[in-house]
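For the sequence shown, the residue numbers in full-length UniProt numbering are 1 to 286. We treat Cβ as the ideally placed atom computed from N, Cα and C, and that holds for glycine.
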Amino acid sequence: MSTQISHLAHVDPKAQIGQDVQIGPFCFVGPDVSIGDRTVLESHVTLTGKTTVGSDNRFWQNSVIGAEPQDYSYRDAAPTQVVIGDHNQFREGVTVNRGAEKEDGITRIGNHNLLMSNSHVAHNCRLYDHVMLVNGVLLGGHVHVHDRAIVSGNSVVHHFATIGTLAFVSGGCRVPTDVPPFMLAAGSDNPEIKTVNLIGMKRAGIPDESIRVIRHAQRMLYREHKSFKVVREHFETELQGIFPIELITLLSAIEQQRAGRMGRAREAARTTPLVESKETAAKKSA
């Protein structure tokens, strides 16, 4: 199959288009866009700004990728962008804003992610791999969603919050703080950790013994309200200091969360220097 571009689409001559790409009617592809092989744009898709798309992605109708960040401080003074990996699906009405002039200036989408209809990924967010955003999910700026996490429909995630690996957020949640790895959070306002994401862990092939340890840690931390120190010491004794990688991941995330502000480990990123300005970049390339 060769590349197919509808005569009703607008594709800037400067855009880089890979092999076997399909671009449907009324799509707009800007000059600083790069599209990888076998990617499909259904009708009415907009790819704008500096946007790099990998291979085997699919964009459904009315998705808009790479538009300016919705950030009052944005001044278009530095080259910011969206970087998308491979095998992602962007359903109808999905919006992904390019980075603001903070952190590294990039909004990143990894591989094998599913963004359902009308979900929104704000500036400087990062989605890792195999993430699912269900219909109507809103991610504030600088949110990180780690591997195989699921955020259910109409949930709203506060900027700088982190959703951990294999975490599950129930529908309609307001998420103002980090959700640790492997945990299931539920409740409309400041959701509580209810249990572990047992189904997700089993589907991911996590060993039964590791699941047992994570469930035990969840009970101690969120039901018995043991201190972090007590929980760590308990497992050092029980497991003779040999922690499964899942427990290391969980404890590390909780430790970082408690070291941060407002229950969000990534709040420290607010002080990250801005990306370099266009003037500085031009001087370096001169």
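Check, Outcome
"Contact the stretch 236-253 vs the stretch 114-133: 3+ CB pairs below 8 Å", "no"
"Paired residues, beta bridge with Asn113 - DSSP", "According to DSSP, which records beta bridges pairwise, Asn113 is partnered with nothing at all."
"8 Å Cβ shell around Ala167 - same chain, five flanking residues per side excluded", "His146, Ala149, Ile150, Val179, Pro180, Pro181, Phe182, Met183, Leu184, Ala185 and Asn197"
"Proximity below 8 Å, CB of Leu47 to CB of Val53", "yes"
"The alpha helix (DSSP H) enclosing Thr195, as first and last residue numbers", "Per DSSP, Thr195 belongs to no alpha helix (DSSP H); it is in the beta strand (DSSP E), Glu192 to Val196."
"Under 8 Å between C-beta atoms of Ser117 and Glu92", "yes"
"For Ser55, three-class secondary structure by DSSP", "coil"
"Residue environment, Ser63, which counts as buried when at least 16 other CB atoms sit within 10 Å", "buried"
"Runs of alpha helix (DSSP H) lying entirely within the stretch 133-214, each at least 4 residues, in chain order", "198-203"
"Exposed unless 16 or more other CB atoms sit within 10 angstroms - verdict on Ser227", "exposed"
"Ile245, enclosing alpha helix (DSSP H) - first and last residue", "Ile245 to Ala259"
"Cutoff 6 Å; reference Arg215; Cβ partners in own chain excluding five residues on either side", "Val196"
"C-beta atoms of Ala67 and Gly49 nearer than 8 Å", "yes"
"With 16 other Cβ atoms within 10 Å as the buried cut-off, status of Ser73", "exposed"
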